[in-house]
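Read left to right, the sequence shown gives residues 9 to 342 (my numbering).
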Amino acid sequence: MMVLTVSAMAVADSDSSDAVTTAPWTFQVHDGSGWTTYTVGDGGYNGCIAINKAGIPGLVIDNRYTVTKTNAYGDYITINEEYGRVSKIGDQENGVAGVWNVAFLDSNGTWQNRESWIEITWSGPVEHFTPEALGFYKQYSDYSTATATENDHSTGYRTSAIALWYGADDSSMPAGVPATTNSYITVDSSSQFRAFFLTRVDDGYTPTISPGGHSLPPMVIDGDTYALARGYGSDAYLAMKDALGAANVVGNEVIGENYSWITTIYGLGTQQIAGQDTPNDYTDDKYVYWNQYDGVSLNPPKLIYSGFLTGHHSSVPGAPMGGSVIMMHYKADA
9 MMVLTVSAMA VADSDSSDAV TTAPWTFQVH DGSGWTTYTV GDGGYNGCIA
59 INKAGIPGLV IDNRYTVTKT NAYGDYITIN EEYGRVSKIG DQENGVAGVW
109 NVAFLDSNGT WQNRESWIEI TWSGPVEHFT PEALGFYKQY SDYSTATATE
159 NDHSTGYRTS AIALWYGADD SSMPAGVPAT TNSYITVDSS SQFRAFFLTR
209 VDDGYTPTIS PGGHSLPPMV IDGDTYALAR GYGSDAYLAM KDALGAANVV
259 GNEVIGENYS WITTIYGLGT QQIAGQDTPN DYTDDKYVYW NQYDGVSLNP
309 PKLIYSGFLT GHHSSVPGAP MGGSVIMMHY KADA
């Protein structure tokens, strides 16, 4: 019996240190009378974690990374799209009198202030997270592609500088904000960013693997194609793109609950393989798609389905949800 273990790829990194790289965050707060600057040297993984360390008096913020929602099938747990939204600072609270508005400093040194919106796409309306959700801002170098809309990649949500002011909803940022700069963290091949991935493609489906990534040569076992890879990233989705090669991983990079939803890996995506001839009868529908598991194994039933997409996991210490060993299995419905 062949056994796959991540130790096969646990060779020396360029920096095997377990030390966590940190960089400062800056928060500019305007209460109606003027700007106050708060700086925290070790801000942590994202803007929500950082602002909680900044010592802002009377701060009340939504610290829930996950929430319970209900649909036609019942209750389910999902990512909170309001994670990190400030509702009160001092005695000024979101309400009729005003709300706490947010802007972030982009990579060009420009303050960006965006309101919440609903984008109309070919597949229907898509509600995006509001920029007041500070937990979706991060300062990592590989996070530059994460955007708020599917069609606008001009300004990613990589930043370490946030401005907040109390006033009318979606009001303009007050003038006179102090000079502010970003401090980015470079994602490198140190252990804090390292994650392992096992891809498995069932017999009958042919992966198209482009060059790139850090994968061991594929193995065929009983007709199934396996590949073990190691990558580095500030979240597991970005680490998977590094591990398998960016050309081999296509996913949703719009910030929010569905960030990192897989479109294709190795050219393979969700396909309906049965039930097409009975369009009004869904009971016989069958699909093949990528299944995500925590851990790696030759026998997926021994593993646990991941409750959340790769982009919501991270190997970086202090991230809201860990996850550094993941299996992606392309297989049909049982």
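Every residue, glycine too, gets a C-beta built ideally from N, C-alpha and C. Predicted, not measured: the structure shown is a model, and the values here were computed from it.
According to the DSSP secondary-structure assignment, K294 is paired through a beta bridge with A282. Taking a C-beta distance under 7 Å as the contact criterion, Y301 and M335 qualify as a contact pair.
In this structure V209 is in contact with T233, their Cβ atoms being roughly 4 Å apart against a cut-off of 8 Å. Restricting attention to beta strand (DSSP E) runs no shorter than 3 residues, the stretch 224–286 encloses them at 227–229, 232–240, 257–259, 270–273, 279–282, ordered along the chain. Straight-line spacing of the CA atoms in I64 and A27 works out to 28 Å. Every unbroken stretch of the beta strand (DSSP E) spanning 3 or more residues and falling wholly within the stretch 293–334 is given here in chain order: 294–302. Within a 10 Å sphere around the beta-carbon of K249 sit 16 or more other beta-carbons, which makes this residue buried. Taking A176 as the centre and dropping the five residues before and after it, the same chain places the C-beta of G106 closer than 7 Å to its C-beta, in chain order. Within a 10 Å sphere around the beta-carbon of V304 sit 16 or more other beta-carbons, which makes this residue buried. The DSSP-derived three-state label of S199 is helix. Shown here, I64 sits in coil according to DSSP, grouped into three states, outside any helix or strand. For N256, the closest alpha carbon among the candidates G277, Q147, D243 is that of G277. CA-CA distance, A183 to A171, rounds to 12 Å. Residue pairing by DSSP leaves F144 without any beta bridge partner. Distance from the CA atom of K77 to the CA atom of I87, rounded to whole angstroms, is 10 Å.
Here P186 has Q36, W43, T45 as same chain residues with Cβ atoms under 8 Å from its own Cβ, once five neighbours each way along the sequence are excluded.
For T78, the uninterrupted beta strand (DSSP E) run begins and ends at 74–79, by DSSP.
Per DSSP, reduced to three states, the secondary structure at A58 is helical. As DSSP reads the structure, I170 sits in a beta bridge with F35, F112. No Cβ-Cβ contact shorter than 7 Å links M329 with H337. Between C56 and G143, the CB-CB gap stays under 7 Å.
Between Y84 and S41, the alpha-carbon positions lie close to 43 Å from each other. According to DSSP, residue pairing for A340 in a beta bridge involves V296. Taking the Cβ atoms as the reference, T167 lies roughly 5 Å from L113, within the contact range of under 8 Å.
Bridge pairing for T45: Q36 [DSSP]. Counting C-beta atoms within 10 angstroms of its own C-beta, S268 has 16 or more neighbours from the protein chains shown and is therefore classed as buried. Boundaries for D50: no beta strand (DSSP E) harbours it, and the DSSP string shows neither H nor E there. Counted as a single uninterrupted DSSP element, the beta strand (DSSP E) harbouring I85 occupies residues 82–87.
Put simply, the backbone Cα of V48 is about 27 Å away from that of S179.
Beta-bridge analysis with DSSP links E101 to K96. Its Cα nearest to that of Y213, the residue G275 stands out among Y240, G117, V262, G275. DSSP lists V107 as the bridge partner or partners of G175.
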